[in-house]
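Numbering (the numbering used here), first residue to last: 28 to 556. Each residue gets a CB set at the ideal place from its N, CA and C atoms; glycine is no exception. The structure displayed is predicted, hence computed values, not measured ones. Note sheet for the following structure.
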């Protein structure tokens, strides 16, 4: 007796370069038969004639983390066909937390989401997620910025030997508790204060705990892109870790085309025996906090401390001179996506030029004023990339796909603002624009990049490939209709063309609608991979 049969679909298994027509028979959480299931008894049969049956998509770079406890149905992810996501990216993770960090995190989640946290380490966070499962599977990196904060490394200098030793211990403990590797965010404090020696020492600690993966939001994606790529590869070499270059891009018109050189560096590293893979979202704009416009020596301390200093008019004027040297003439390409308070919410969706006009100030002064008023709680979208580079990176054979977004739902406190459309559209956009419209990838190759390749990189046992005895993480979609509908103007729109999504054999999307089921699992290093 089969629980579910997916009938007559065109199977793209993530490995073969051709689709084939077959039924999938599922019992409990596993695929038990691929072939003709016409004569088998089954509790549920879904006609997939004319549809693609593929492994569930793996979001290689996400930021859901503790928000999965708030948005457990993960609507924006599962409607894209995502069945597993990787959290803890860009140097930030839900653990480990010092006492001070725990107090701040507890206050933040209590005030924003009415949620009480209980964990300090990865064991506790994973246990919380297992008690209240999400709709999709989740694995997590240990963020080295979080680790640095936990040992008191908030100052712009290398960690002292005793703090470095403690950071190594916390990194090993995180990996022993199931973290799949480490991540760095080298444009965000305090991670930006780490030098290559520190990064190598901590990545080596992860490797020694059997989690040899270093994922890096590198130190520069602009003028110093190539040097930053070299640094990431060198950290991996010194630590004996695989390297993941996060959301790879060349930012700023002066740097467009540099991805040819960065990919050549990756090729050289691979020929030398190093394991390097990339991830990417298929858009020309990035998104992060507005505070990244601040010089590194200005962006030091707590948000309250930084905002307090910027409130001093003489100090702000000096900072504005430095910021405008970099962003002057480009403020039209910076769009406010969300603010923390209701009083400035009318600025969401406006460029900094328009915000400046509304305030009666220059764009740079308006940006600094907004940071002060919101205590840095401002996110922005930056139109800094070119389409040719997006296609170049995507066409590279070792590029996975990552949304660089958290799980969202359409109502509640996380639904505010105008987020980057990647939160709702990344994976369908790959298949609509870059497979069907402009043919950068074949359909089979796009499936491999979104399933088998990331599963192989992460060491996910029994996932990422349609095969008998593998877990039934499956997406069923119409290759002629799949499309991203999210735009910069209307970003919170679900895609079309995705009919069914199964996670561990349970339907989370059925006939294009969310079922509300939450069968996701925490995937821990040493236990599940």
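I need the boundaries of the beta strand (DSSP E) containing residue i, first residue and last residue.
i	result
residue 527	525-530
residue 129	No beta strand (DSSP E) holds residue 129; the alpha helix (DSSP H) holding it covers 126-140.
residue 62	57-62
residue 465	Premise fails: residue 465 is in no beta strand (DSSP E) and is neither H nor E.
residue 165	164-167
residue 558	This structure gives no information on residue 558, because the portion of the chain shown stretches from 28 to 556.
Can you have a look at residue i and say buried or exposed, based on whether 16 or more other CB atoms are within 10 angstroms of its CB?
i	result
residue 373	exposed
residue 340	exposed
residue 28	exposed
residue 107	buried
residue 446	buried
residue 241	buried
residue 273	buried
residue 429	buried
residue 158	exposed
residue 370	exposed
residue 71	exposed
residue 514	exposed
residue 319	exposed
residue 280	exposed
residue 359	exposed
residue 282	buried
residue 188	exposed
For residue i, which of the options has the nearest alpha-carbon?
i	options	result
residue 435	91, 28 and 34	91
residue 174	183, 191 and 161	191
residue 454	441, 439 and 470	470
residue 347	370, 313, 388 and 269	388
residue 250	288, 261 and 172	288
residue 303	177, 116 and 484	484
residue 405	461, 376 and 317	317
residue 47	62, 498 and 267	62
residue 482	495, 465, 500 and 468	500
residue 511	504, 522 and 502	522
residue 439	56, 186, 60 and 102	102
residue 37	50, 30 and 327	50
residue 52	419, 32, 67 and 148	32
residue 460	507, 217, 138 and 350	507
residue 200	544, 182 and 233	233
residue 42	503, 517, 478 and 519	478
residue 475	425, 290 and 88	425
residue 153	168, 365, 403 and 140	168
residue 411	160, 423 and 356	356
residue 186	213, 473, 122 and 226	226
residue 311	137, 294, 368 and 277	277
residue 208	486, 496 and 509	486
residue 99	542, 555, 556 and 554	542
residue 39	81, 176 and 519	81
residue 77	540, 524, 529 and 550	524
residue 468	354, 246, 267 and 427	427
residue 519	535, 441 and 537	441
Spell out the partners DSSP gives residue i in its beta bridges.
i	result
residue 271	242 and 304
residue 432	89
residue 49	36
residue 427	306
residue 533	530
residue 82	501
residue 212	244
residue 109	84
residue 220	None; residue 220 has no bridge partner.
residue 249	DSSP lists no partner for residue 249.
residue 71	31
residue 541	536
residue 328	Residue 328 pairs with nothing; no bridge assigned.
residue 54	57
Provide the residue span of the alpha helix (DSSP H) that contains residue i, from first to last.
i	result
residue 561	The question about residue 561 has no answer, for the chain in this structure spans 28 to 556.
residue 382	379-386
residue 408	Looking at the DSSP string, residue 408 is not in any alpha helix (DSSP H); the run it does join, the beta strand (DSSP E), is 405-410.
residue 312	No alpha helix (DSSP H) holds residue 312; the beta strand (DSSP E) holding it covers 312-316.
residue 454	449-456
residue 296	286-298
residue 172	171-177
residue 397	390-400
residue 201	188-203
residue 1	The structure shown does not extend to residue 1, since the chain is modelled only from 28 to 556, so the question has no answer here.
residue 484	479-485
Throw me the rounded Cβ distance for the residue i and residue j pair, which I believe falls under 8 Å.
i	j	result
residue 170	residue 125	At roughly 14 Å, the Cβ-Cβ gap does not stay under 8 Å, so residue 170 and residue 125 are not in contact.
residue 449	residue 432	5 Å
residue 260	residue 292	7 Å
residue 545	residue 162	5 Å
residue 30	residue 532	7 Å
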